[in-house]
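First up is the structure itself, then whatever we jot down about it.
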Amino acid sequence: MNEIAIKILRLAISVGEVWLCYQTAYITLLEYNHLNIKRKVFIWVNIFILGILLAGNRSVIFFSKTMLWFCIIVTSACIWIVKRKQIFLIFVTTLLYYTLAAVLDMFFAFISMDFLKENFIYDVYIYALSFMSVNIFICSRLIIWSLIQLLKGKDIYSKISVFKWEMFITGILLQIVLIRYQIKMVGMVAGVWEKRGVSNGFSLLVLTILFFIAIIFYLKYKLIKKENEILIMRELMMAEKYKEVIKNNQLIHDMKNHFIVLKNYKKEEKIEKIYNYVDEISEELLDTNMKVWTGQDMIDLILNQKKDKAEREGIKFQIIVVSFSGIRLTDSEIISVFGNLLDNAIEACMKIKNGHKWIDIKLESQNEMLYIEVKNSIDEVPLQKNGIFVTMKNSKIRHGWGLINVRKIVERYSGIFSCQTQNGSFVASITFYDNINTV
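As numbered in numbering that gives the first Met the number 0, residues 0 to 438 make up the sequence shown, in order.
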């Protein structure tokens, strides 16, 4: 009777482990509410089938590298079938989840080794039909479940999408640590090495914790560095805005004198001079107006500033807005996306020596879809690196984000970013399909 209860518990735990992996995916990669019935059924079929196979493997041996990688690959493939994009990010997230679960299993197994002594082999390691092996898996899954609960409601997706390569390296290094300690466990079970389970278990735990602390500090450093770049960009933009404000104040201050002159011309009935004077000051006055293009302050600020900059360089700057309903990006992301695209366009136009210089911007909202297009004339086709267009800028502080970072931000919101050249022009386009929760 106990054997049947243990098998049922082990099956439930294994199914629960795969289910927890999908819970991790729901807070990082997938939006459960947007999945249709067919995809939800597909996910549950994957959970049960993979859980059954995992339970069968664990009835034979406590830990199997082959089964671990089988779970990582199969789960990654199933999530990709549901999402149909970002396969590498899916793989990295799945890799970290299963690897961390395996590390916790190994830790609790080492701890139990010193208490079970010779019974460890058949109570935990191979053909185990004891509640001890079940308790090990339960403890690990409870910790994983607690971590998932802590992460719920936080903006995890934006972080993992930016640091996916760091996460991949973390997962691979944890795999190396895991294999090393598995070899130690095999040696202890075979009697080659002295059974020192507690010391090995805590050394594995401490090593893993220190490793994560080092990674967290590294990511914090990169985030702070990125925030500093954003602050520098904001300061530059605010400085330009401040100059405009000063210019406006000066013009307002001069209005009194303008009215005095016009009043005197009217008194002297010099109508022609009135017309000439109005024409003279109108161009200066109209130049100070901040036009509202989208109704979103940060976008309008960037568009007005870049339009002013482009026109000073003799570049025709056209903005077409079709029923703009808002955008989900934060201010820093708006600065990065629009700032980089428009700076690239202006720079490309400034390189044209003989020819028409122009930039066309189009923003169009339709239902929950937002389309952004920045199109500009070019003198020569931009350089490409690994199939991706790159820019040649001197100021790394101001222009260090580039098209690669624009792509990262767009993909963070499951959008599509593309660049291409056509008919003597360069076209950068962005499409957000689920542009909900807008301003």
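Don't be surprised by glycine CBs; every beta carbon is placed ideally from N, CA and C.
Span separating the alpha-carbon of residue 301 from that of residue 335: Here the question's residue 301 lines up with position 302 in the sequence shown. Here the question's residue 335 lines up with position 336 in the sequence shown. So the two alpha carbons sit approximately 10 Å from each other.
Classification of residue 317 by the beta-carbon crowding that lies within 10 angstroms, buried from 16 upward: In the sequence shown, the residue the question calls residue 317 occupies position 318. The residue is exposed, with fewer than 16 neighbouring Cβ atoms inside 10 Å.
Inter-residue spacing [alpha-carbon to alpha-carbon] between residue 18 and residue 27: Position 19 of the sequence shown holds residue 18. Position 28 of the sequence shown holds residue 27. Approximately 14 Å, taken between the alpha carbons.
C-beta atoms of residue 322 and residue 348 nearer than 9 Å: Sequence index remark: in the sequence shown, residue 322 carries index 323 (1-based). Sequence index remark: in the sequence shown, residue 348 carries index 349 (1-based). For residue 322 and residue 348, no; Cβs fall outside 9 Å.
Residue from 143, 141, 118 with nearest C-alpha to residue 131: In the sequence shown, residue 131 corresponds to position 132, counting from 1. For residue 131, the nearest C-alpha among the options comes from 118.
Cβ neighbour criterion (16 or more within 10 Å) applied to residue 114: Along the sequence shown, read from residue 1 onward, the residue named residue 114 stands at position 115. Within a 10 Å sphere around the beta-carbon of residue 114 sit fewer than 16 other beta-carbons, which makes this residue exposed.
N- and C-terminal bounds of the alpha helix (DSSP H) containing residue 181: Sequence index remark: in the sequence shown, residue 181 carries index 182 (1-based). For residue 181, the enclosing alpha helix (DSSP H) has its first and last residue at 163-189.
Beta carbon of residue 162 nearer than 9 Å to that of residue 84: By 1-based counting over the sequence shown, the position of residue 162 is 163. By 1-based counting over the sequence shown, the position of residue 84 is 85. Taking a C-beta distance under 9 Å as the contact criterion, residue 162 and residue 84 do not qualify as a contact pair.
Which of helix, strand or coil DSSP assigns to residue 422: Counting from 1 along the sequence shown, the entry for residue 422 is found at position 423. Coil, per DSSP.
Complete alpha helix (DSSP H) runs within the region 35-80 (minimum length 4 residues, chain order): If we require 4 residues or more, the alpha helix (DSSP H) runs fully inside the region 35-80 come out as 36-57.
Beta strand (DSSP E) runs contained entirely in the region 304-350, provided each spans 3 or more residues: 315-321
Between the CA atoms of residue 409 and residue 395 - distance to the nearest angstrom: As a working note, residue 395 is residue 396 in the sequence shown. As a working note, residue 409 is residue 410 in the sequence shown. Note that residue 395 has pLDDT 42, beneath the 50 cutoff, so the model's placement of it is unreliable and no number is given.
Buried/exposed call for residue 40, threshold 16 Cβ in 10 Å: Your numbering for residue 40 matches position 41 in the sequence shown. The residue is exposed, with fewer than 16 neighbouring Cβ atoms inside 10 Å.
Start-end ranges of the beta strand (DSSP E) lying completely within the region 79-151, minimum 3 residues: none
Proximity of residue 121 and residue 129 at Cβ, strictly below 9 Å: Here the question's residue 121 lines up with position 122 in the sequence shown. Here the question's residue 129 lines up with position 130 in the sequence shown. Yes, the Cβ-Cβ distance between residue 121 and residue 129 is below 9 Å.
Cα-Cα separation, residue 77 to residue 71: Residue mapping note: residue 77 aligns to position 78 of the sequence shown, counting from 1. Residue mapping note: residue 71 aligns to position 72 of the sequence shown, counting from 1. Roughly 10 Å between the two C-alpha positions.
Own chain, CB closer than 7 Å to residue 100, minus 5 neighbours either side, in chain order: Counted from its first residue, the sequence shown places residue 100 at position 101. Cβ neighbours of residue 100 beyond the five flanking positions: 16, 139, 143.
Residue 415 in three-state terms, based on DSSP: The sequence position of residue 415 within the sequence shown is 416, counting from 1. Note: residue 415 maps to strand in three-state DSSP.
Extent of the continuous beta strand (DSSP E) to which residue 365 belongs: Mapped onto the sequence shown, residue 365 falls at position 366. Per DSSP, the continuous beta strand (DSSP E) segment holding residue 365 begins and ends at 357-365.
Euclidean distance between Cα positions of residue 367 and residue 430: On the sequence shown, position 368 is the one that residue 367 refers to. On the sequence shown, position 431 is the one that residue 430 refers to. Distance between the alpha carbons of residue 367 and residue 430: 11 Å.
Secondary structure of residue 377, DSSP reduced to three states: Taking the sequence shown and counting its residues from 1, one reaches residue 377 at position 378. DSSP places residue 377 outside both helix and strand once states are collapsed to three, so it counts as coil.
Classification of residue 108 by the beta-carbon crowding that lies within 10 angstroms, buried from 16 upward: As a working note, residue 108 is residue 109 in the sequence shown. With 16 or more other Cβ atoms within 10 Å, it is buried.
Whether residue 313 touches residue 356 by CB criterion (9 Å): To locate residue 313, count along the sequence shown from 1; it is residue 314. To locate residue 356, count along the sequence shown from 1; it is residue 357. Yes, the pair counts as a contact, with Cβ atoms nearer than the cut-off.
Status (buried if at least 16 other CB within 10 Å, exposed otherwise) for residue 441: Lying before the first or after the last residue shown, residue 441 is absent from the chain, which here runs from 0 to 438.
Nearest candidate by alpha-carbon position, reference residue 342, set 324, 304, 361, 353: The residue you call residue 342 lines up with position 343 of the sequence shown. When only C-alpha atoms are compared, the closest one is 304.
Helix, strand or coil at residue 300 according to DSSP, with G and I counted as helix: On the sequence shown, position 301 is the one that residue 300 refers to. DSSP places residue 300 in the helix class (H, G or I) of the three-state scheme.
Residues of its chain near residue 203, where Cβ-Cβ distance is below 8 Å and the 5 sequence neighbours each way are ignored: The residue labelled residue 203 in the question sits at position 204 within the sequence shown. Excluding positions up to five away in sequence, the list reads 102, 105, 106, 109, 176, 180.
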